[in-house]
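Have a look at the structure below, then the notes.
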Amino acid sequence: MTIYHFVGIKGSGMSALAQILHDMNYNVQGSDIEKHFFTQVALEEAGIKILPFQKENIEPGMTVIAGNAFPDSHEEIQEALRLGLPVIRYHRFLGDFMKSFTSIAVTGAHGKTSTTGLLSHVLAGAKPTAFLIGDGTGKGDQKAEYFAFEACEYRRHFLSYHPDYCIMTNIDFDHPDYFASIEDVFSAFQEMSLQVKKGIFACGDDEMLQKIQAKVPVLFYGFGEENDFQARNIVKSTEGTTFDVFVRNTFYNTFSIASYGDHNVLNALAVIAVCHYEEIDAAIVQAQLTTFGGVKRRFTEKVIGRQVIIDDYAHHPTEIKATIEAARQKYPEREIISVFQPHTFTRTQTFLDDFAESLNMADQVYLCEIFGSARENHGKLSIEDLQAKVSGAVVLNEDRTSILKEHNDSVLIFMGAGDIQKFQKAYEMQL
1267 MTIYHFVGIK
1277 GSGMSALAQI
1287 LHDMNYNVQG
1297 SDIEKHFFTQ
1307 VALEEAGIKI
1317 LPFQKENIEP
1327 GMTVIAGNAF
1337 PDSHEEIQEA
1347 LRLGLPVIRY
1357 HRFLGDFMKS
1367 FTSIAVTGAH
1377 GKTSTTGLLS
1387 HVLAGAKPTA
1397 FLIGDGTGKG
1407 DQKAEYFAFE
1417 ACEYRRHFLS
1427 YHPDYCIMTN
1437 IDFDHPDYFA
1447 SIEDVFSAFQ
1457 EMSLQVKKGI
1467 FACGDDEMLQ
1477 KIQAKVPVLF
1487 YGFGEENDFQ
1497 ARNIVKSTEG
1507 TTFDVFVRNT
1517 FYNTFSIASY
1527 GDHNVLNALA
1537 VIAVCHYEEI
1547 DAAIVQAQLT
1557 TFGGVKRRFT
1567 EKVIGRQVII
1577 DDYAHHPTEI
1587 KATIEAARQK
1597 YPEREIISVF
1607 QPHTFTRTQT
1617 FLDDFAESLN
1627 MADQVYLCEI
1637 FGSARENHGK
1647 LSIEDLQAKV
1657 SGAVVLNEDR
1667 TSILKEHNDS
1677 VLIFMGAGDI
1687 QKFQKAYEMQ
1697 L
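For the sequence shown, our numbering assigns the number 1267 to the initial residue and increments by one for each residue that follows.
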């Protein structure tokens, strides 16, 4: 039986896929850099071997799964090719793997991870379900009928997939290091639409998604009355959100979620639409929605003293706005403090004014140095360019986080897709 060796096993998709194969009794190991990533915790708990990169890791008889971040010139990939081993890129492997299940892709500029997490949790209440979530969580099941997975549009990687169903949460301009414009992003989603085999569930409140053409039924969900699945009579509280769902203007049922903000109502509505189409009992859906505990790094809360500390992956202006709105719903009486680390110079440059506008929704903003990426580690602009546009913003250093103690009885949201957690960790050490 072959050993699946993952080159770059700590990547969020790679880590999740390794866990899935391990759960299905395949022999799995992988390699990566020494730096600690939150994605490795689940691998360690499962007993999956993580090695430092070196060509000696590659042995005859292995199947090598290569992370998208690593070029063919990587020493392990070179060694695998020299030995004549199969080397399969992550997204290609996933494209073949999903053919064994009723597959449901979740894509969109925002909300993919939360929606995939919610979808897999709800489906699992009805039938055995395998899933791959972009927060590094994966679960395999040899009896699985459904496979729910996150499909990323970056570099058009999702075009390796031909899923049965696809949820499309929104189309927004992001990844400006790759996409030229919103129209370029739309063209990728349009191409993806033509690869879906049974049905698409698209947010009808999104103007770009309304233009999607497909060979299969496109069902729209949202707040607007023209949607096939519509949320009405929304009641928001500090405990969560309750709403009625109407299917083509006919009352279907009432659902509650233990989460906050309009974006989470839309995510739940997408899941309800898929389950309705698959004829899953509404009572199962209602029960599963209320027991969903969330996904990693999406509004992950802890209370220390009189402060609430939230860890969130928000790294685009639309996501920052949604996260701050959710915090205001749950903690209407408290001061909302945003600690934000921009992710990539190209994104920061492209959305500088939009970042400022969304961050200004917080009561006080602290900014951390821009986090580059493997693709670009410097740029012309600096964090001071963003600071100049955000009223009263303060630049935060990792060794001087104690200033945050001044905000007693407040909500601190640490936001970003880089290593913002090191600032949070440094502050928690102060406490």
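Ideal Cβ placement from N, Cα and C applies to all residues, glycine included.
Enclosing alpha helix (DSSP H) for residue i [first to last residue]
i       : result
MET1627 : Note, MET1627: premise wrong, no alpha helix (DSSP H); not H, not E.
VAL1584 : For clarity, residue 1584 is Thr in the given sequence; the question names Val instead. Run containing THR1584: 1583 to 1596, per the alpha helix (DSSP H) assignment.
GLN1554 : 1548 to 1556
VAL1540 : 1528 to 1543
VAL1388 : 1378 to 1390
GLY1279 : 1278 to 1289
Boundaries of the beta strand (DSSP E) in which residue i is found, first to last residue
i       : result
HIS1271 : 1269 to 1273
ILE1570 : 1566 to 1570
THR1520 : 1516 to 1523
TYR1693 : Where TYR1693 is concerned, there is no enclosing beta strand (DSSP E), although the alpha helix (DSSP H) it sits in stretches over 1687 to 1696.
SER1249 : Residue 1249 lies beyond the stretch modelled for the chain, which goes from 1267 to 1697, so this question has no answer here.
PHE1606 : 1602 to 1606
ARG1355 : 1353 to 1355
ILE1343 : Not the beta strand (DSSP E): ILE1343 falls in the alpha helix (DSSP H), residues 1341 to 1348.
THR1329 : 1329 to 1332
DSSP state of residue i mapped onto helix, strand, coil
i       : result
SER1453 : helix
SER1369 : strand
GLN1573 : strand
VAL1561 : coil
GLY1638 : coil
THR1667 : helix
LEU1618 : helix
LYS1676 : Going by the sequence as given, residue 1676 is Ser instead of Lys. Correct three-state label for SER1676: coil.
THR1612 : helix
GLU1325 : coil
ILE1478 : coil
GLN1306 : helix
SER1447 : coil
HIS1423 : helix
ASP1471 : coil
PHE1336 : coil
ASP1440 : coil
LEU1460 : coil
Chain-order list of residues whose beta-carbon lies under 7 Å from that of residue i (same chain, five-residue window excluded)
i       : result
ALA1454 : GLU1419 and ARG1422
GLU1345 : LYS1321 and ILE1324
LYS1700 : There is simply no residue 1700 to check, as the chain begins at 1267 and stops at 1697 in what is shown.
ASN1705 : No answer is possible for residue 1705: the residues shown for the chain start at 1267 and end at 1697.
ALA1410 : PHE1367, PRO1394, THR1395 and ALA1396
SER1459 : ILE1466, ILE1478, GLN1479 and ALA1480
GLN1476 : GLY1470
TYR1270 : LEU1287, TYR1292, ASN1293, VAL1294, THR1329 and ILE1331
LEU1389 : THR1395, TYR1412 and ALA1414
ALA1312 : GLN1285 and HIS1288
GLU1416 : VAL1372, LYS1378, THR1379, THR1382, LEU1398, ILE1399 and GLY1400
Close Cβ partners of residue i (< 8 Å) along its chain, the five nearest in sequence each way excluded
i       : result
VAL1482 : VAL1462, LYS1463, LYS1464, GLY1465 and ILE1466
SER1624 : PRO1583, THR1584, ILE1586, LYS1587 and ILE1590
ALA1375 : GLU1419, THR1435, ASN1436, ILE1437, ASP1438, PHE1439, ASP1440, VAL1451, HIS1582 and THR1584
VAL1574 : GLU1567, LYS1568, TYR1597, ARG1600, SER1676, VAL1677 and LEU1678
ILE1649 : PRO1608, LEU1633, CYS1634, GLU1635, ILE1636 and VAL1661
GLU1457 : ARG1422 and LEU1425
GLN1690 : ILE1575, ASP1577, VAL1605 and PHE1680
ARG1310 : In the sequence as displayed, the identity of residue 1310 is Glu instead of Arg. Cβ neighbours of GLU1310 beyond the five flanking positions: ILE1316.
LEU1347 : ASP1338 and VAL1353
THR1504 : GLN1595, LYS1596, TYR1597 and PRO1598
For residue i: DSSP bridge partner residues
i       : result
LYS1315 : GLN1295
CYS1432 : ALA1371 and ILE1466
TYR1412 : THR1368 and THR1395
GLN1496 : GLY1488 and PHE1512
LYS1502 : THR1507
VAL1660 : TYR1632
MET1681 : ASP1578 and PHE1606
LYS1405 : PHE1397
Own chain partners of residue i with C-beta closer than 6 Å, once the 5 adjacent residues on each side are dropped
i       : result
PHE1452 : ILE1437 and MET1474
MET1627 : ILE1590
PHE1617 : PRO1583
LEU1351 : MET1328 and VAL1330
THR1614 : PRO1608 and ILE1636
Closer than 8 Å to chain D by CB, residue i
i       : result
ASP1651 : Considering every chain present, this structure includes no chain D. It has just one protein chain.
- Item | Cβ pair count under 8 Å reaching 3, the stretch 1600 to 1615 against the stretch 1530 to 1549 | no
- Message: Taking 8 Å as the cut-off, does the stretch 1376 to 1389 touch the stretch 1350 to 1367 (at least 3 CB pairs, one atom from each stretch)?
- Response: The stretch 1350 to 1367 makes no contact with the stretch 1376 to 1389: fewer than 3 CB pairs, one atom from each, lie closer than 8 Å.
- Message: Tell me whether the stretch 1551 to 1564 and the stretch 1345 to 1355 touch, counting them as touching only if at least three CB pairs, one residue from each stretch, are closer than 8 Å.
- Response: Here the stretch 1551 to 1564 does not lie against the stretch 1345 to 1355, with fewer than 3 beta-carbon pairs under 8 Å apart.
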